[in-house]
Amino acid sequence: MRRYLGLLRLFVANSIQLELEYRINLLVNGFNSLVAFGAGLAVIYAMFGQAGSIGGWSFHEALVLFGVFLMIQSYVEILLFPNFSQLPEQIRNGSFDFVLLKPASSQFLVSFRHLSIWQIPELLIGLGVALWGMVALGAFGLVPLAAFLLLLVAAMAIVYAICLMLATLAFWVVKVDNMSELFFAFFAAGRFPVTAFPAWVRLLLTFVVPIAFITTVPAAAAIGRLDPVMAALAVVLAIAFVAMSRWFFRYAVASYTSAGG
Amino acid sequence: MSDLRHAVRVGRVLFAATLSLLAEYRAELAIWVVAGSLPLIMMFAWIGIAADRPIAGYDAAGFAAYFLTVFYVRQMTPIWVLGVLDRAIRKGELSPMLLRPLHPFWPHAVEHISAVLMRVPAITLFVAAALWLAGGLPRLDLLHLPLFVVAILLAWTVLFNLHYSFGLLAFWTDQAAALQGLIYTLNMIFGGGLVPLDLFPPALRHILLYTPFRCVIDFPVSLLVGRPAATDIAFGFALQLLWIAIFVGLRRLLWRRGLQRYSAVGA
Numbered sequence: 005m006r007r008y009l010g011l012l013r014l015f016v017a018n019s020i021q022l023e024l025e026y027r028i029n030l031l032v033n034g035f036n037s038l039v040a041f042g043a044g045l046a047v048i049y050a051m052f053g054q055a056g057s058i059g060g061w062s063f064h065e066a067l068v069l070f071g072v073f074l075m076i077q078s079y080v081e082i083l084l085f086p087n088f089s090q091l092p093e094q095i096r097n098g099s100f101d102f103v104l105l106k107p108a109s110s111q112f113l114v115s116f117r118h119l120s121i122w123q124i125p126e127l128l129i130g131l132g133v134a135l136w137g138m139v140a141l142g143a144f145g146l147v148p149l150a151a152f153l154l155l156l157v158a159a160m161a162i163v164y165a166i167c168l169m170l171a172t173l174a175f176w177v178v179k180v181d182n183m184s185e186l187f188f189a190f191f192a193a194g195r196f197p198v199t200a201f202p203a204w205v206r207l208l209l210t211f212v213v214p215i216a217f218i219t220t221v222p223a224a225a226a227i228g229r230l231d232p233v234m235a236a237l238a239v240v241l242a243i244a245f246v247a248m249s250r251w252f253f254r255y256a257v258a259s260y261t262s263a264g265g
Numbered sequence: 016m017s018d019l020r021h022a023v024r025v026g027r028v029l030f031a032a033t034l035s036l037l038a039e040y041r042a043e044l045a046i047w048v049v050a051g052s053l054p055l056i057m058m059f060a061w062i063g064i065a066a067d068r069p070i071a072g073y074d075a076a077g078f079a080a081y082f083l084t085v086f087y088v089r090q091m092t093p094i095w096v097l098g099v100l101d102r103a104i105r106k107g108e109l110s111p112m113l114l115r116p117l118h119p120f121w122p123h124a125v126e127h128i129s130a131v132l133m134r135v136p137a138i139t140l141f142v143a144a145a146l147w148l149a150g151g152l153p154r155l156d157l158l159h160l161p162l163f164v165v166a167i168l169l170a171w172t173v174l175f176n177l178h179y180s181f182g183l184l185a186f187w188t189d190q191a192a193a194l195q196g197l198i199y200t201l202n203m204i205f206g207g208g209l210v211p212l213d214l215f216p217p218a219l220r221h222i223l224l225y226t227p228f229r230c231v232i233d234f235p236v237s238l239l240v241g242r243p244a245a246t247d248i249a250f251g252f253a254l255q256l257l258w259i260a261i262f263v264g265l266r267r268l269l270w271r272r273g274l275q276r277y278s279a280v281g282a
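Chains as they are written, first to last, in the numbering used here: chain G, 5 to 265; chain D, 16 to 282.
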């Protein structure tokens, strides 16, 4: 464990050092994040200009949800995307061999080697929006906050597992670069509470692509309107997803025959 | 005359080669279709809001007709040339393309048009079925269908030249690819892809009516679902042509200037 923490520290330091070579990235990404945030906010304003609530959520409650949405999105862009987007290429040209040769868990190396620090402004914007909504609602109990943090971690674990499994498909299918698009397409629904959608879409977003557990459930915890059953389900689902993705990755590595094999 | 025959032959060969290449990546096409589903998500959200009472003249079927048409327009105008150009210029892949007796603009254009041709049947069937299911079909002004097709062609031309112009900025900066996301966001929000433009505050809406974003989503969509007046239709087409002229001019200027700076990799 200590060894892996040390490795993680090294990876982070190395990524930051590398990224600092491209400082103009901060400006470009910061501006992009601001525009995306403004657009998202404009949509929420436009909707609440026409209706008092969306799926039973008030304006400030929807803000907390939007904040959680931005935070999870930036988490994908900061950590998951930079790492998993490399896997297909590594498998295609055989450089995945070098990952296997290193004396550390290959899943760990594949998952945490890179860090894209320039999306951190988006993370901060998301946190700010969530806090804005929470302050306006006066929702700052110790229990809701603890539940929020726990469910946010569960959400991150679910997203991690989904992205790992999509990337792992690259062991069999050569062209999976666009799989991340597929995830983001469904994830876009996460900016609204699942109750805003018709029943069949809600079922789809809860049990097939578990977007509900990624944004709606943590946000519901933050504003103290959490259903305990959903909270328990989220934790169970997170553990199941991580276990499943780990099994899938190991199964894929076992059948890996390197390039040209 | 022989010039024309030559052009037709080059075009035919290009299309044949590109179509067979794309046929190899059918699964990828399907992914792109799903990836463009944001208008459908917005449709469900707006239908939920309009469940009790119509919003600014849109009831559930109205929103379904609007956003399914947005989805269709977006599916008919997919542009990814910005990333392609950025990569070609930064990595030097442009060099061999320059040696061919054909402007690199054309292979890029043909690649995009082929991709659209491949998806026309499936997407048209899907959207028609969804419109019928959602009760949005009676909301469409089907007499405007020919105008709608022309507007989509012009919208594609605006978008392609816009993306191409910004992609050419890769001659000067290595950040050109980041503009793709920016253009997408501005397009979706100010073009009416997330919120119908008539739901924006009137002051903002008045400004938005002149933007290129409006030309590529709101205008084609409004032809089919908005019942615009004849003057609005004429204005919309004129605006599309104006933006095409601007971006074609910009693209040609940037290409000329950029090529003078281009030294490929390692040179």
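All C-beta atoms, glycine included, are put in the ideal place defined by N, C-alpha and C. What you are looking at is a predicted structure, and each value in this text was computed from that prediction instead of being measured.
The C-beta distance from Phe175 (chain D) to Ile104 (chain D) rounds to 17 Å, too long to fall under 8 Å, and the pair is not in contact.
In the three-state scheme derived from DSSP, where H, G and I count as helix and E and B as strand, Tyr26 (chain G) is classed as helix. The three-state secondary structure of Trp61 (chain D), taken from DSSP, is helix. For Pro202 (chain G), the chain D residues whose C-beta falls within less than 8 Å of its own C-beta are Phe59, Ile62 and Gly63, listed in chain order.
Rounded to whole angstroms, Leu132 (chain D) and Leu230 (chain G) show a C-alpha spacing of 48 Å.
DSSP places Gly60 (chain G) in no alpha helix (DSSP H); its state is neither H nor E.
Residue-level contact check: Ile58 (chain G) touches chain D, since one or more beta carbons of chain D fall below 8 Å from its beta carbon. Cα atoms of Leu153 (chain G) and Pro222 (chain G): separation of roughly 8 Å, rounded to the nearest angstrom.
Residue-level contact by beta carbon fails for Gln90 (chain D) and chain G, as no gap is shorter than 8 Å. Beta-carbon to beta-carbon, Val157 (chain G) and Leu197 (chain D) are separated by about 32 Å, too far to satisfy the 8 Å threshold. A residue is called buried when at least 16 other Cβ atoms come within 10 angstroms of its Cβ; Asn97 (chain G) does not meet this threshold and is exposed. For Pro222 (chain G), the enclosing alpha helix (DSSP H) covers residues Val221 to Ala226. DSSP places Gly182 (chain D) in the uninterrupted alpha helix (DSSP H) bounded by Leu160 to Leu183. When CB distances to chain D are screened at a threshold of 9 Å, the residues of the region 33 to 51 of chain G falling below it are Asn33, Phe35, Asn36, Val39, Ala40, Gly42, Ala43, Gly44, Ala46, Val47, Ala50 and Met51, in chain order.
In summary, Glu81 (chain G) is buried, with 16 or more beta-carbon neighbours lying within 10 Å of its beta-carbon over all protein chains present.
Burial state of His118 (chain D) is exposed, judged by a 10 Å Cβ sphere holding fewer than 16 other Cβ atoms. The contact set of Ile56 (chain D) on chain G, defined by CB atoms closer than 9 Å, consists of Ala189, Phe190, Ala192, Ala193, Arg195, Phe196, Phe201 and Val205 in chain order. Annotation: Cβ neighbours of Leu186 (chain G) in chain D (cutoff 9 Å, chain order): Ile46, Val49 and Ala50. Taking 8 Å as the threshold, the shortest C-beta distance from Ala55 (chain G) to chain D falls below it.
Contact between the region 114 to 128 of chain G and the region 63 to 80 of chain G is established, with three or more Cβ pairs separated by less than 8 Å.
Using a 10 angstroms sphere on the CB of Gly264 (chain D), the tally of other CB atoms stays under 16, which defines it as exposed. The DSSP-derived three-state label of Ile70 (chain D) is strand.
DSSP places Ala192 (chain D) outside any alpha helix (DSSP H), giving it a letter other than H or E. Only exposed fits Phe35 (chain G), as fewer than 16 other CB atoms lie within 10 angstroms of its CB. For Thr210 (chain G), no alpha helix (DSSP H) segment is defined, and its DSSP state is neither H nor E. Of D:Pro161, D:Leu256, D:Ala79 and D:Leu177, the smallest CA-CA separation from Leu269 (chain D) is found for D:Leu177. Under the three-state reduction of DSSP, Met5 (chain G) is assigned to coil, being neither helix nor strand. Nearest CB-CB separation between Phe228 (chain D) and chain G: not below the 8 Å threshold.
A Cβ-Cβ contact shorter than 8 Å links Phe15 (chain G) with Phe116 (chain G). Only those residues of the region 194 to 217 of chain D whose C-beta falls short of 8 Å from the nearest C-beta of chain G are listed: Gly196, Leu197, Thr200, Leu201, Met203, Ile204, Leu209, Val210, Leu214 and Phe215.
Annotated three-state conformation of Ile218 (chain G) is helix, per DSSP. Where Tyr81 (chain D) is concerned, the enclosing alpha helix (DSSP H) starts and stops at Ala75 to Met91. One alpha carbon belongs to Phe181 (chain D), the other to Val163 (chain G), and they sit about 33 Å apart. Around the beta carbon of Pro153 (chain D), fewer than 16 other beta carbons sit within 10 angstroms, so the residue counts as exposed.
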